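Residue numbers (our numbering): 18 to 323. Worksheet for the structure shown next.
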DNA sequence: GTCCAGGATTCAG
DNA sequence: CTGAATCATGGA
């Protein structure tokens with residue numbers, strides 16, 4: 018393996034500083050599947066064509082990148098919302114009147130949506146159906162290392178649609194994709210014909226973008242919502258997965274609601290940054306720190322405790 | 001061996 | 001149209 022020259026660690030000034038725990042939640046909490054924790058506690062990952070390292074030090078967030086990549090810092094600032102666009106959106110969420118959201122935000126203060134590349138987001142969530150986050154990361158890592166462009170140090174960018182469309186069946190199968198291999202393959206066949214797909218899609222309104230994404234094989238309502246949220250920075254998009262269904266059912270008392278109706282509830286209740294609220298609730302639910310529904314709304318005896 | 005996983009698609013009613 | 005079965009794979 019070729020050795021790679023890294024820049025020294027340097028501070029990355031964020032509008033809202035984040036702790037080591039929040040950094041972990043952002044990089045490894047199901048938004049991106051491209052970051053790996055190193056033994057020394059730092060993170061190494063790829064976003065777009067950029068390879069970088071991140072860690073939290075005494076001065077706050079610190080970064081390092083291959084010395085050859087002069088644009089890495091600027092890309093990291095965009096990726097991590099260093100400017101703080103989401104701080105204002107988070108403040109405007111209805112946490113004052115919503116104790117569940119307030120608890121979820123308090124559990125992960127400063128948590129933000131990563132500003133990801135559409136291509137990597139679509140590949141990641143095409144792999145996501147019926148899989149755990151850890152396994153999705155393994156699948157995506159295999160696609161990168163077997164078919165992607167080397168970035169040095171044993172790291173790889175994700176393969177292009179053209180490469181994926183032409184990839185040998187054995188290679189795809191060896192990535193543990195299961196039935197999702199067909200999703201990747203068929204979507205690749207379509208998108209390799211239009212290299213400007215991401216720029217074209219970015220011009221669409223969010224409802225149009227959602228509908229257009231769902232024309233792709235393997236993209237349903239939830240995957241489309243994740244791609245619009247994480248890959249196209251549509252903060253109003255509200256993905257409803259199994260965790261959100263469970264969380265809205267138990268914490269908001271919306272029992273038996275179907276995903277489509279829960280998505281509408283999320284967008285109406287949380288507003289322009291519903292996707293950011295969703296990420297707080299998703300993370301809190303996975304961490305098991307989401308409060309239960311108020312006793313008034315539960316029909317069973319309110320006093321039964323374990 | 002059984003069950004389930006940041007769901008989507010296909011099929012039955 | 002809605003709801004259930006099916007999909008391939010790995011880990012608990």
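Cβ coordinates follow ideal geometry from the N, Cα and C atoms, glycine included. Given the structure is predicted, the values throughout are model-derived calculations rather than measurements.
Query: Close-in-space but distant-in-sequence residues of the same chain around residue 73 (CB under 8 Å, 5 per side omitted); Result: 35, 36, 37, 40, 79
Query: Residue from 123, 131, 119 whose Cα sits closest to the Cα of residue 101; Result: 131
Query: Cα-Cα separation, residue 339 to residue 175; Result: With the chain covering 18 to 323 only, the question about residue 339 has no answer from this structure.
Query: Through-space distance from residue 32 to residue 76, alpha-carbon basis; Result: 14 Å
Query: Residue environment, residue 186, which counts as buried when at least 16 other CB atoms sit within 10 Å; Result: exposed
Query: Close beta carbons around residue 67, own chain, < 6 Å, minus the five adjacent residues each side; Result: 89, 92
Query: Three CB pairs or more closer than 8 Å across the stretch 143-150 and the stretch 184-200; Result: yes
Query: Touch test, the stretch 283-301 against the stretch 254-263, Cβ-Cβ under 8 Å, three pairs minimum; Result: yes
Query: Cβ-Cβ distance between residue 242 and residue 256 below 9 Å; Result: yes
Query: Three CB pairs or more closer than 8 Å across the stretch 229-241 and the stretch 195-212; Result: yes
Query: Beta strand (DSSP E) segment containing residue 71, residue limits; Result: 67-74
Query: Nearest to residue 23 (by Cα), restricted to the options 271, 44, 82; Result: 82
Query: Residue 229 - DSSP class collapsed to helix/strand/coil; Result: helix
Query: Residue burial classification, residue 20 (beta-carbon count within 10 angstroms, cutoff 16); Result: exposed
Query: Same chain only: Cβ atoms within 8 Å of residue 253, ignoring 5 sequence neighbours per side; Result: 223, 284, 288, 289, 290, 291, 292
Query: Closest by C-alpha distance to residue 29, when choosing among 87, 54, 47, 94; Result: 94
Query: Residue 64, DSSP secondary structure in three states; Result: strand
Query: Residue 149 burial status per 10 Å Cβ neighbour count (16 or more: buried); Result: exposed
Query: Nonlocal neighbours in the same chain, by C-beta distance under 7 Å from residue 134, ignoring five residues either side; Result: 64, 65, 248
Query: Span of the beta strand (DSSP E) around residue 79; Result: 77-81
Query: Those runs of the alpha helix (DSSP H) which lie wholly inside the stretch 99-151 and span at least 4 residues; Result: 102-108, 116-124, 135-143
Query: Per DSSP, the bridge partner or partners of residue 47; Result: In DSSP, residue 47 forms no bridge with anything.
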